[in-house]
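Read through the structure below, which is laid out as C-alpha cells, and then see the notes.
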Amino acid sequence: MIDERYSAPYKDKKLVQAIASRLNMFQERPMRFMEVCGTHTMSIFRHGIRSILPSNVELVSGPGCPVCVTSQADIDAMIGLAGQPGVIVATFGDLLRVPGTKGSLASAKARGARVEIVYSPADALKIACANPDHDVVFLGIGFETTVPAVAAALLEARSRSIRNFFVFSSHKTMPRALHALLADPELRIDGLLCPGHVSTIIGAKAYEPLAETKNVPCVIAGFEPADILQGIYMLAKQVYEGRHGVENCYSRAVTWHGNERAIKVMERAFEPCDAVWRGLGKIDSSGLAISPTLSMHDASKHFGMWSQTTVTPDPRGCLCGEVIKGKKRPPECPLFSRACTPTSPVGPCMVSSEGSCAAYFRYSTPCRQEIAEQQIP
Amino acid sequence: MKSKYVLMDHGSGGLATQELVQEVFLSRLANPFLCRLEDSAVLEPLKGQLAFTTDSYVVDPPFFPGGNIGSLAVHGTINDLAMQGAEPAALSLGLILEEGLPMEDLHKIATSLAEASKNAEVPIVAADTKVVPRGKADRIFINTSGVGCVPKGVKLGSDLVAGGDAVIVSGTIGDHGVTIMASREGLGLETSIKSDTAPLHKMVYELLKRFGSAIKCFRDPTRGGLATVIHEIASASQTEITLYEEAIPVRPQVQSVCDLLGLDPLYLANEGKLVAVVAGDAARNVVEAMRDDPLGMDAAIIGKVNPVNGPGRGRAILETTIGGKRMLEPLTGEPLPRIC
C-alpha cells in the first residue's frame, strides 16, 4: 500500500513559499540552472514552480528524458523489430508513439505487429515464458534508474534458460553525458539540478568529478515542489558564495555511495560502450551494451541489428537536439505546436511524457503562443 | 447440459439465442416494454423536449472494484442525459459478446445491469445480443442509448457561463481512472480505491428544482477528466476559468497512485461526478445541497469564472497547491486506453 503521508509535507504551500522567498536573497545576478531529469521538468511545470521563482532565476531542461535522447537509428531499429514474424516486442508505454523515419511502434501494432506494453522488464520475461514459440524482445531504454531491473531480468533469463528472451539495449549512463554537455562552450549553465532517481543508484559521489573539473555546482533533489525549490536554493547559494560542490538535498532516498548492490547487478549484465545521444552526438563510454557472457540474450546480436553508434539526422526542422542541450526552448522550434504536437509528434521531446516540448505544450501554451507562466496575470 | 461459455450459437437468432435472452436477461430486466419482444419498444409521449444519447462501453477489465461494465453502461448513459437537465425515461441495450465468454461473467454483468437500471428507476426497454468469434472482440462490449425529456424552463449550456460564476465539483476526482489502472494485470498495485460509477440524474433533478437558472451548466468529467471539461467550458463560453488545486477533492490513495505512475488526477476519468458552473451567489447553497446527497458528500467549490475581454478568453488556469500558476490544457494522447 502506498502512503501519501510520505510525500505530502513536501507539497506544503507555506514551506515551499518560505524557501522561494529565501531565494530572493540572491538577486544580484541572473542565474541559469539546468534540471537534468525529465521527471523534474514535469514536476516544475505541473506545480507552476517557474511562476514563483524570482525573475533572475532561469530553469532550462536537460537531457534526462530517456526517450528524448534515444537516437533516431535506435528508434528505427526498434520499430523494425516489431515488424518481424515471430517477434513480440515488449516496451514501456512511452516508446509507443515515438516517430521513426518510417512509422512508429503504434502504427506497426495497428498493422498487426505484436507490441506489448509492460511496466517492468520482469513482465517481459513473463511474456517470454508464456510464448515459447515467439522471440520476445524488451526495448531497453533509460538510465541507471531502470538498468538494474533489466540486468536482473537478463540474469534470470540466463539462469532459467529462457532462450526466447532478448533485450535491445539502448541504455545510457548519465555522468559522462553531463561531462560532454558541459564541455560545450555555448552552453551557459550556473548549476545542475541533478536527477533524484538516477542518483539513488549511482550515489551523490558520481557528480564529484563533474563539480571539480567543470566548476559547476551540483545539487541532487527529489521531485516534490519543496524538494525542487530547496535544490534551486542550494544551487543559488553556492553560486552566491562562489562555491561549486556536490550537495544532496534528497537524502531520504539518495546516499553518497548509492545502491552498491544494484550497481553490481548492472555490472554483471552490462558493460560500457560508446553511444549516440540525440542532440549530443556520440559520447565515449556513455552507453551500456549487454555483456558478452549474456550475448545469447542480446537482440542486436541475435537479429544482427545496428549497434548504438550509428548517427542519423533528426527530422527536418526538428530542434529536439538543441532542446535537449538546453540551448533552445521548445517554443523557439519552428515546428513546435504547428507541425509538432502531442497528437502528431515530430520529435521525441514532444511524445515522451517527460519531454520538455510535451511539458511546454501541455502546461504553458495558451493560444499556442510563447507565454511563460510568469506572464499569467 | 447448459454451456458454461457463450457460443456462436447464442448469437444465431435461433433457439439458443431465445434461451440466452430468457435466462440471462428477461429474468432480470423484465418490464412491459421489453417482455413484448417486438422489434422496437413503443413509449408514451414525453412531456418536454426530447434528449437522446448513446455511448459504448469497452472497459478493460470488465470487472473492477465498485462495479462492472454493466453498471457502468447504465450509469454512463443516464449521466449523459442528466447533464442536459433531462429526466431519463428509457434505455436500450446492445451487447457484443466474444465467443468463449464465461456464462457466469455474463450472468454477473446482467445482474449488475438490472440492479443499476432498477435503482436508477430507468428501464431498459429494448435490447439486442450479438456473438462474434473468439479474438474478434475482447470479452464483452456494451452499447446503451437513452432517451429523456428536458422539463420546460430548463436551460443549460456552456454558452451561459459568465464572469462571476463559480465552478463546483460533486466529489473526489480520479477514482474511476485509478481503479481501472490498478485493476489491470501486471501492475501489482493494491489499493482500497473503488470506481465512483453512479447515476447522477436524481441529484441533477433536485438541484434544478431548487436553484433553477442559477445553474448554468452541468458536465460529467469522464474521459479526459476534470481538466479537459473545464477547458471545454472556458473555450465554449469564451471566459477565463481559474481552478484552485488545493480546493479540488482528491483521495490520498488516488494522489499516491498518480504520483507513483506519473499521472495527473485532473486528467483521469470519473463515472459518478459532475461539474456544475453556477451563479457565484448561489454557489455555497448548491454545494450544501449536493452534500445532502450521498453521491455529493465531498462536493466543493473549486474555481471561478473570470470576466475577460480580449486575451485570456477561452483559457483555463490552475493555481497549484504551492501557489504557482499554470495553464490547464485539455488531455492530449491516451494515458489509459479503454477506461469506460
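Which chain is which? The protein sequence lines are A and Z, in order.
Per this note's numbering: the first sequence = residues 678 to 1054.
Per this note's numbering: the second sequence = residues -19 to 320.
Beta carbons: idealized from backbone N, C-alpha and C, even for Gly.
Computed from a predicted structure; not experimentally measured.
Sequence-distant residues of its chain with Cβ nearer than 7 Å to residue i (five each side left out)
i	result
TRP933 (chain A)	GLY880, ALA881, LYS882
THR980 (chain A)	A small correction: the amino acid at residue 980 (chain A) is Phe; Thr does not occupy that position in the sequence shown. Here the set comprises LEU758.
PHE900 (chain A)	THR716, HIS717, SER720, GLY873
PHE5 (chain Z)	ALA90, ALA107
PRO41 (chain Z)	SER163, ARG164
MET83 (chain Z)	SER(-17), LYS(-16), TYR(-15), VAL(-14)
VAL134 (chain Z)	GLY65, LEU188
Neighbourhood of residue i by C-beta, 6 Å cutoff - its chain only, sequence neighbours within 5 removed
i	result
GLY777 (chain A)	ILE752, ASP753, ILE756
GLY56 (chain Z)	ASP35
ALA799 (chain A)	ALA830
PHE43 (chain Z)	none
ILE104 (chain Z)	LEU9, LEU71, LEU73, SER97
GLY741 (chain A)	VAL713, CYS714, GLY715, PRO872
SER972 (chain A)	LYS978
PHE32 (chain Z)	VAL127
GLY935 (chain A)	ILE878, ILE879, GLY880
SER748 (chain A)	VAL953, ARG955
GLY922 (chain A)	ALA888
GLY47 (chain Z)	SER175, THR177
GLN907 (chain A)	ILE696, CYS926
Residue(s) in a DSSP beta bridge with residue i
i	result
TYR(-15) (chain Z)	Z:PRO82
GLY964 (chain A)	A:LYS849, A:CYS950
LYS305 (chain Z)	Z:GLU299
MET708 (chain A)	A:VAL734
GLY956 (chain A)	In the DSSP output, where bridge partners are listed per residue, GLY956 (chain A) has none listed.
VAL285 (chain Z)	Z:ILE221
SER36 (chain Z)	Z:ASN123
SER72 (chain Z)	Z:ALA106, Z:SER125
VAL111 (chain Z)	Z:LEU77
GLN29 (chain Z)	Z:VAL130
VAL795 (chain A)	Note: VAL795 (chain A) sits in no beta bridge, so no partner.
PHE1013 (chain A)	A:CYS1017
ARG975 (chain A)	The sequence given here places Asp at residue 975 (chain A); Arg does not occur at that position. Paired residue(s): A:VAL844.
SER752 (chain A)	Residue identity check: residue 752 (chain A) is Ile in the sequence provided, not Ser. Answer is none; ILE752 (chain A) lacks a bridge partner.
ILE765 (chain A)	A:ARG791, A:VAL813
CYS714 (chain A)	A:GLY741
THR747 (chain A)	A:TRP954
Sequence-distant residues of its chain with Cβ nearer than 8 Å to residue i (five each side left out)
i	result
ILE148 (chain Z)	VAL255, ALA256, VAL257, VAL258, ALA263, VAL266, VAL267, MET270, ALA279, ALA280, ILE281, ILE282
MET719 (chain A)	SER1030, GLU1031, ALA1036
PRO1043 (chain A)	Confidence at PRO1043 (chain A) is low in this model, with a pLDDT of 43, below 50, so its placement is unreliable and the value that follows should be read with caution. So no residue of the chain qualifies.
ALA903 (chain A)	PRO686, TYR687, LYS688, ASP689, LEU692, VAL693, ILE696
SER968 (chain A)	ARG945, ALA946, PHE947, GLU948
ARG231 (chain Z)	THR152, GLY154, ASP155, ILE173
MET708 (chain A)	ASN733, VAL734, GLU735, ASP867, GLY868, LEU912, ALA913, VAL916
SER20 (chain Z)	ALA106
Beta-carbon separation (whole angstroms), residue i vs residue j, contact threshold 8 Å
i	j	result
ASP383 (chain Z)	VAL234 (chain Z)	This structure cannot settle anything about residue 383 (chain Z), because the visible part of chain Z is limited to -19 through 320.
CYS1026 (chain A)	VAL1000 (chain A)	5 Å
LYS284 (chain Z)	ALA146 (chain Z)	6 Å
VAL824 (chain A)	MET911 (chain A)	No, VAL824 (chain A) and MET911 (chain A) are not in contact; Cβ-Cβ is about 28 Å, not under 8 Å.
ILE58 (chain Z)	PRO68 (chain Z)	5 Å
SER321 (chain Z)	SER138 (chain Z)	Past the edges of chain Z, shown from -19 to 320, lies residue 321 (chain Z), and the structure says nothing about it.
GLY868 (chain A)	VAL931 (chain A)	17 Å between Cβ atoms; not a contact.
ARG306 (chain Z)	SER728 (chain A)	7 Å
ILE49 (chain Z)	ILE120 (chain Z)	6 Å
GLU918 (chain A)	VAL875 (chain A)	The Cβ separation is near 26 Å, so there is no contact.
SER738 (chain A)	GLY1003 (chain A)	6 Å
LEU802 (chain A)	LEU772 (chain A)	In fact, because the Cβ distance is near 18 Å, the residues do not count as touching under 8 Å.
ILE122 (chain Z)	ALA53 (chain Z)	4 Å
PRO1019 (chain A)	THR312 (chain Z)	4 Å
>> What ranges does the alpha helix (DSSP H) occupy inside the stretch 166 to 221 of chain Z, keeping only unbroken runs of at least 4 residues that lie completely in it?
In response: 181 to 191, 205 to 217
> Given 8 Å as the limit, is there contact between the stretch 700 to 707 of chain A and the stretch 257 to 275 of chain Z, that is, 3 or more CB pairs closer than that?
Replying inline: no
> Would you say the stretch 793 to 804 of chain A touches the stretch 758 to 776 of chain A, given that touching needs at least three Cβ pairs under 8 Å?
Replying inline: yes
>> I'd like the ranges of any beta strand (DSSP E) spanning at least 3 consecutive residues and lying wholly in the stretch 252 to 281 of chain Z.
In response: 255 to 258
> Can we say the stretch 207 to 222 of chain Z touches the stretch 291 to 302 of chain Z, given the rule of at least three CB pairs closer than 8 Å?
Replying inline: yes
> Is the stretch 823 to 833 of chain A in contact with the stretch 856 to 873 of chain A, if contact means three or more CB pairs nearer than 8 Å?
Replying inline: no
>> Report the start-end ranges of each beta strand (DSSP E) in the stretch 809 to 842 of chain A that is 3 residues or longer and not cut off at the edges.
In response: 812 to 817
> Is there contact here, the stretch 87 to 106 of chain Z with the stretch -18 to 2 of chain Z, by at least three beta-carbon pairs under 8 Å?
Replying inline: no
> In chain order, which continuous runs of the alpha helix (DSSP H) of length 4 or greater are located wholly inside the stretch 44 to 70 of chain Z?
Replying inline: 49 to 62
>> For a minimum of 4 consecutive residues, which ranges assigned as the alpha helix (DSSP H) are wholly contained in the stretch 851 to 933 of chain A?
In response: 851 to 859, 873 to 879, 885 to 891, 902 to 918
>> Would the stretch 244 to 254 of chain Z count as touching the stretch 174 to 186 of chain Z if we require 3 or more Cβ pairs under 8 Å?
In response: yes
> What are the uninterrupted segments assigned as alpha helix (DSSP H) that are 4 or more residues long and contained completely in the stretch 129 to 167 of chain Z, given in chain order?
Replying inline: 155 to 163
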